[in-house]
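Okay, so the sequence shown: first residue is 190 according to the working numbering, each after it adds one.
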Amino acid sequence: MATVTVWNENQHERATGPANAMYPDGIHTTLAEMLVSYGHTVRTATLEDPDHGLTEQVLAETDVLLWWGDIAHDAVSDAVANRVEQAVRDGMGFIPLHSSHESKPFELLMGTTGALRWREEGEREHVWIVEASHPITDGLPDKFELERAEIYGKGFDLPIPDSLVTVSWCDDGTVFPSGCCYHRGAGRIFYFQPGHETFPVYHRPVVQRLLHNAVAWAAPSEADRPSVEQL
190 MATVTVWNEN QHERATGPAN AMYPDGIHTT LAEMLVSYGH TVRTATLEDP DHGLTEQVLA
250 ETDVLLWWGD IAHDAVSDAV ANRVEQAVRD GMGFIPLHSS HESKPFELLM GTTGALRWRE
310 EGEREHVWIV EASHPITDGL PDKFELERAE IYGKGFDLPI PDSLVTVSWC DDGTVFPSGC
370 CYHRGAGRIF YFQPGHETFP VYHRPVVQRL LHNAVAWAAP SEADRPSVEQ L
C-alpha cells in the first residue's frame with residue numbers, strides 16, 4: 190500500500206450550504222477515510238496550512254498526492270506549485286481531481302491551461318471503461334452511472350493522454366475524456382473528472398474503488414525514483 194497525501198483547498202465546505210452538507214468535514218477527509226479503509230497510509234493538507242501543508246519533507250514522504258481545487262487556484266503559491274511539479278517529475282504519483290484541471294501544478298505538468306466548458310445542473314453522467322486491461326479499472330464494471338454530476342465538455346485544453354481509461358457522456362450527447370493517464374519524468378499522473386463539492390460522487394463505492402486503484406497505479410516503485418547517487 191502507498192503513503193498518500195490528500196490535498197484540498199477546503200473552501201466550499203467551510204461555509205454553510207450544500208457543500209458543507211455533502212462533505213461536512215471536507216472532501217479531503219472523505220477521501221482520506223476511504224483510502225485508509227483500503228489500507229493506505231494517509232495524511233491530509235489544505236490551502237490554509239503553512240506552505241499549504243506541502244513542505245519538501247511532506248512531499249518526500251508522499252508516494253501519491255491527490256489534489257482537489259476549484260475556486261482558489263490562484264491562492265496556491267508558485268513556490269509550492271513548482272515544488273509539487275518537481276516532486277512528480279522525480280517520481281511522486283499525482284491525481285488531480287475534477288476542477289483541478291486548472292490547478293497550478295497540473296498546468297505546469299501539462300504545459301496547457303486545462304480550460305474547458307462546463308455546466309452545473311446535476312445531470313446524469315455515464316462513465317464507460319475504455320481500457321479494461323488497465324490496473325485502474327481492476328474490479329470495476331464496464332460502465333457505471335453518476336446520478337448527479339457537473340458536466341464537462343468541448344475544448345478541453347490538455348495534451349492527448351498516454352492512456353485513456355474512462356470516457357463520460359451525458360444524456361444530451363456531450364462526451365468527455367474523464368480518466369486520463371500521463372507520465373512526466375519518473376512520475377505517473379491520473380486526471381479523473383467526476384466529482385463535485387455538492388454531489389455525492391466521492392461517496393460512491395465504485396468511484397472509491399477506482400481512486401484506490403489509481404493510487405496503487407501511480408505509486409512509485411523503488412526503481413522509479415532517482416537515488417541520491419543518481420541525482
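Each residue gets a CB set at the ideal place from its N, CA and C atoms; glycine is no exception.
- Cβ-Cβ separation between Arg373 and Gly282: approximately 11 Å, too far for a contact (criterion under 8 Å).
- For the 8 Å CB-CB criterion, Ile284 and Leu255 form a contact.
- With fewer than 16 other Cβ atoms inside 10 Å of its own Cβ, Asn271 counts as exposed.
- One alpha carbon belongs to Thr205, the other to Leu353, and they sit about 37 Å apart.
- Selection Gln397, Leu297, Tyr391 evaluated against Val269 yields Leu297 as nearest (Cα-Cα).
- Under the 8 Å Cβ criterion, the segment 313-324 counts as touching the segment 333-349, having at least three qualifying pairs.
- The C-beta distance from Ser266 to His241 rounds to 7 Å, short enough to fall under 8 Å.
- A distance below 8 Å separates the beta carbons of Asn197 and Thr235.
- For Ile325 and Leu220, the gap between their C-alpha atoms comes out near 17 Å.
- Each residue's CA atom was taken as its position, placing Ser357 and Ala338 some 11 Å apart.
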